[in-house]
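Counting in the UniProt record's numbering, the sequence shown runs from 1 upward without gaps.
Think of the CB as a built atom: it goes at the ideal place given N, C-alpha and C, for glycine as much as any other residue.
Owing to the predicted nature of the structure, the values given are computational and were not obtained by experimental measurement.
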Amino acid sequence: MASWIQRHGSSHQSQLAATAVISGAAVAGAIFSYQAFKRKEAVQRLKASVPDIDGQHHAEKLTEYGVAAAAQLSKEDERSAALARRAQEGDYDDELILEQLARNRVFLSDEGLAKLRSSYIIVVGCGGVGSHAVASLARSGVSKIRLIDFDQVTLSSLNRHALATLADVGTPKVHCIRKRLEQITPWVKFDCRNQLFGGSVADELLAPWSWDDNDKGRKPDYVLDCIDNITSKVELLHYCHSHQIPVISAMGAGCKSDPTRVTVGDISLSTDDPLSRSTRRRLKLLGVNTGIPVVFSTEKPGPGKATLLPLADAEFSKGQVGELSVLPDFRARILPVLGTMPAVFGYTVANHVICDIAAYPMDYSVGGKGRDKLYDGVLAALQGTLERLARAEYGPSLVGLRLPISKDDVGYLVDEIWRGKSAVSGLPSRVSLVPWQRPERGFGPDPEWMKEGQTFVPLQLKDLVCMTKDEATRHEKEVLLGGKKVEELYDAKTIELVEKRQKEMEVHEQYRLEYSSDTSDDSRFSPHPPSQRIKRYTRPLIDYVRNDWQFSNKYTHPPDEPSDPARCMQLVLSIITAPRFRRYVVVYLMLVITCTVGWVYFLSPRLEEHAELLRALDPEVKEEVGGWFGTNALPSFDNIVQLERLDEGLIPTGEKRLIVVGDVQGCRTELDRLLEELLFNPTNDHLIFTGNMVSRGPESTDVVDLAQKYSASCVRGNDEDRVLVLRHDMVEAGTLNDNSTDEYLDGQSTEQAKRDRDLARALTDEQADWLDACPVILDLGQVPNLGRVAVVHGGLVPGVELEKQDPYSVMNMLSIDLETHLPSSERDGIRWTKLFNKHQSTTYTTYSGLKNADIDEAKSRTTTVIYGHDSEKSLDITTYTKGIDTGCVRGGELTALVISENGEENLIQVRCNNYLE
1 MASWIQRHGS SHQSQLAATA VISGAAVAGA IFSYQAFKRK EAVQRLKASV
51 PDIDGQHHAE KLTEYGVAAA AQLSKEDERS AALARRAQEG DYDDELILEQ
101 LARNRVFLSD EGLAKLRSSY IIVVGCGGVG SHAVASLARS GVSKIRLIDF
151 DQVTLSSLNR HALATLADVG TPKVHCIRKR LEQITPWVKF DCRNQLFGGS
201 VADELLAPWS WDDNDKGRKP DYVLDCIDNI TSKVELLHYC HSHQIPVISA
251 MGAGCKSDPT RVTVGDISLS TDDPLSRSTR RRLKLLGVNT GIPVVFSTEK
301 PGPGKATLLP LADAEFSKGQ VGELSVLPDF RARILPVLGT MPAVFGYTVA
351 NHVICDIAAY PMDYSVGGKG RDKLYDGVLA ALQGTLERLA RAEYGPSLVG
401 LRLPISKDDV GYLVDEIWRG KSAVSGLPSR VSLVPWQRPE RGFGPDPEWM
451 KEGQTFVPLQ LKDLVCMTKD EATRHEKEVL LGGKKVEELY DAKTIELVEK
501 RQKEMEVHEQ YRLEYSSDTS DDSRFSPHPP SQRIKRYTRP LIDYVRNDWQ
551 FSNKYTHPPD EPSDPARCMQ LVLSIITAPR FRRYVVVYLM LVITCTVGWV
601 YFLSPRLEEH AELLRALDPE VKEEVGGWFG TNALPSFDNI VQLERLDEGL
651 IPTGEKRLIV VGDVQGCRTE LDRLLEELLF NPTNDHLIFT GNMVSRGPES
701 TDVVDLAQKY SASCVRGNDE DRVLVLRHDM VEAGTLNDNS TDEYLDGQST
751 EQAKRDRDLA RALTDEQADW LDACPVILDL GQVPNLGRVA VVHGGLVPGV
801 ELEKQDPYSV MNMLSIDLET HLPSSERDGI RWTKLFNKHQ STTYTTYSGL
851 KNADIDEAKS RTTTVIYGHD SEKSLDITTY TKGIDTGCVR GGELTALVIS
901 ENGEENLIQV RCNNYLE
């Protein structure tokens, strides 16, 4: 990458291309800036054509909410607002609060009231139900309430709103409630959010308490769902259920008149309310079947009772009926509401929350229907039916049939679509699901899935009908197996009912999406993304208004043209002050800063390192220093094997493997576990150790025994070299078996020297001779796709033949000084692996113009080094160097590089204990 940039950066064509790109960007910026200026000028012209209004104009009298201003606040209202501000800041006697809550205090007990006062409640929807619930909560002692509602108070809502007055019409409901309740309970803190609730803002609106007080960051103790829009309701309940936030939901109070039928129960128990049914169905499609308490009415519709009002034909003739709703996806038709019923629902919701938070005993239960056994039985019966039908076509050998139907699907079909009753007889007992008609392709498994190894029968929910078991047996025999048409077996009423329910299912199927915990997905409850579902928020009344004054001659003349110099100055200033120009300046500035930082801290150091590597590998430098990397001064060592060639019969072929193990450091237990993980087979596998088999671990001699047992190969590491040299000296001095001088030496030697002395004595002569026979370099020869492979402990210097490598450097090398070309056991220079990889890639892998045979021959000249020693770098696998010392003795891993047939490489690791603590 660096060489490519360096090469193309100096290319004349690249410089021309870069100049063209920069020039084009500058021209584009100028064009966009000019367009911004023209738009700004057009806006100024339009503003100049609008007549001024005086301070008495009604537009100057709008409130902060953009509506007509009510009467000025009375002195009493101002005093109440000031008192509320002081009370919320703590300047309000707690004795007064307790006296106001005295009846609640004796009812709930001091402990229960304390829990209620410290709670944080969120109320979503502040209309007829929500306003009564909030009023009750505030009067009962809740001190932190977040109000969420996008709507404003209307005249028609005054029949059911708990706190709004005629003066509040046109103001947001959340602020209306806050203003009125601050006059009753001034100490209560209201966090008002005049927003529409939706999945995209759920994280923000249901967030912990955000006021800067002692309760900042407190999560909501309860969420009250008082929404009358299905989409927002489902999004809220699904979010709370997914995030384990306590929630209670108020179902529809519209068209209800019997307060004795209002009850609290699990959502799975709500049946006779259209809003509840639609909500329950959509939640089931999202995987929520139970666990949400709801307030609902069991009152049934009947003759003479209120129903949803139809739209007049005149409205349909106008078109765009959806514009009559408050917002897209909201109800456009009017739902009759008796003003007392929302209050009953609201107080029931508040009562449940108060008792639950205060831990007051509640005699009623909100448990869901225990119908899991029924669903399991229906699903098992459906599985058996489909298996019989499939075997009738495919044969008795068919096994393992799978259906795309779950227990949740069964519950949805039985309870929500078929109302728990047979479609044929209407009986609710011993129900089951059965395919309604025989498909054209039959009931055999899908051949495409069979190719994938799956025995799968395509089946849709709308294909299934609910019947009693006896009816299902007859239907299976005569329709599904006998070949009869459903028209021959059932009357028109039954067929019409089935078709009606199937169409109903298709309508609800648009909301069927995969269950997800991400509640910010706006498109969850629609098959289309929001941009397609809500194309435009139109305002029909405003869109059709025509302001006649705009066409008056008095206001249609353009503003005076400025002089040329002034116009040029105005043009320059407009370009500079244009938001888009500032955005482009910021973008270009960020690009320049990013490029500068990237060059200074990333690209330039790598190019410099690349250049240094190339200079170090320059053949002319080799002649100047008299040989690369000190090879002109190769020291001689006695009693050491410099190079050894691995038996060619051990090169991987077939099932044979070479297993190269990193620094074991005397960790025999971990080595045994590694061999178990490798499924080590002494017949086909050959072990190779990268040195430092012994030293700091607790079982050094046991590691040597294992290596001897399996006739393993090894290379000499710096730890073995140090211990073996010490042992030779001790033999010559006669102190190998005589520790009388240790007391004197212990005062002058390090812990490592003591450990080496103990290890030298622990080694048997046979073990020491075996370690002495380990070469410094083990040449594996040619391995397919790897070239020539060498195993060493420390490293190799590039460009030096194996037999001329310095043994000390091979055992201890970490870096190479690019100036002196000398290897070092310190980390001051550049890592030897970088130089080695660069040398291999520049010397042997330039294949342009070569034939296949020549390419293979060039690859065979490359050398791959497998080494250990560098535990700080840990696992370091590159093209030509494989570092596998992963610090086992320090609590890291013990790593093995497995080389299989054709040079295939695999890494296996096991965790190690820390023996140095």
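Closest option to Y375, judged by alpha-carbon separation, among L386, L433 and K305: L433. For A760, the enclosing alpha helix (DSSP H) begins and ends at E751 to A762. Counting along the chain, A896 sits inside the beta strand (DSSP E) bounded by residues E893 to I899. For P303, DSSP assigns no beta-bridge partner whatsoever. Sixteen is the threshold: since fewer than 16 other Cβ atoms of the shown chains lie within 10 Å of the Cβ of K38, the residue is exposed.
Here the alpha carbon of K485 sits roughly 19 Å from the alpha carbon of L386. In the three-state DSSP reduction, P798 falls in the coil class, being neither helix nor strand. Taking C-beta atoms under 8 Å as the contact rule, F345 and A250 qualify, at a distance of about 5 Å.
Counting only unbroken stretches of 4 or more residues, the alpha helix (DSSP H) elements lying wholly within the stretch 356 to 440 are 372 to 394 and 407 to 411, in sequence order.
D685 has R657 as its beta-bridge partners, per DSSP. Rounded to the nearest whole angstrom, the CA to CA distance from I688 to E819 is 35 Å. Between the stretch 715 to 734 and the stretch 793 to 804, the count of C-beta pairs closer than 8 Å reaches three or more; the two stretches touch. The closest CA to that of E648, considering only D779, G666 and V731, is found on D779. In the displayed model, Y222 falls within a strand according to three-state DSSP. In the three-state scheme derived from DSSP, where H, G and I count as helix and E and B as strand, T298 is classed as coil.
In this structure, DSSP gives K144 an extended state, which the three-state scheme calls strand. Where A790 is concerned, the enclosing beta strand (DSSP E) starts and stops at G787 to V791. Under the three-state reduction of DSSP output, P342 falls in the helix class. Straight-line measurement puts the Cα of V910 at about 28 Å from the Cα of P784.
For the set P775, G883, L650 and P823, the Cα lying nearest the Cα of N684 is the one of L650.
Annotation for E478: K484 and L489 place their beta carbon closer than 8 Å to its own, counting only its chain and skipping 5 residues before and after. When only Cα atoms are considered, V587 and L573 end up about 20 Å apart. Along the stretch 158 to 239, the beta strand (DSSP E) occurs as fully enclosed runs of 3 or more residues at 189 to 193 and 222 to 225, listed in sequence order. Between S140 and L163 the beta-carbon gap is near 15 Å, outside 8 Å, which marks them as no contact. Where Q909 is concerned, there is no enclosing alpha helix (DSSP H), although the beta strand (DSSP E) around it starts and stops at E905 to R911. Separation of S242 and G287 (C-alpha to C-alpha, rounded to the nearest whole angstrom) is 10 Å. Straight through space, the alpha carbons of R193 and A202 are spaced by roughly 12 Å. Note that the C-beta distance between V465 and V431 is not below 8 Å. Look at E644 here: in three-state DSSP terms it is strand. With contacts defined as CB atoms closer than 8 Å, S841 and R831 fail to qualify as a contacting pair.
Under the criterion of beta carbons closer than 8 Å, V776 and Q665 do not qualify as touching, at roughly 19 Å. Nearest neighbour of E901 by Cα position, chosen from L113, T653, S131 and D228, turns out to be T653. About 6 Å separates the beta carbons of D446 and P458, which is inside the 8 Å limit, making them a contact pair. Assignment of L286 by DSSP, reduced to helix, strand and coil, places it in the coil class. G483 carries a coil assignment under DSSP once its states are collapsed to helix, strand and coil. Rounded to whole angstroms, the separation of the alpha carbons of R755 and L897 is 29 Å.
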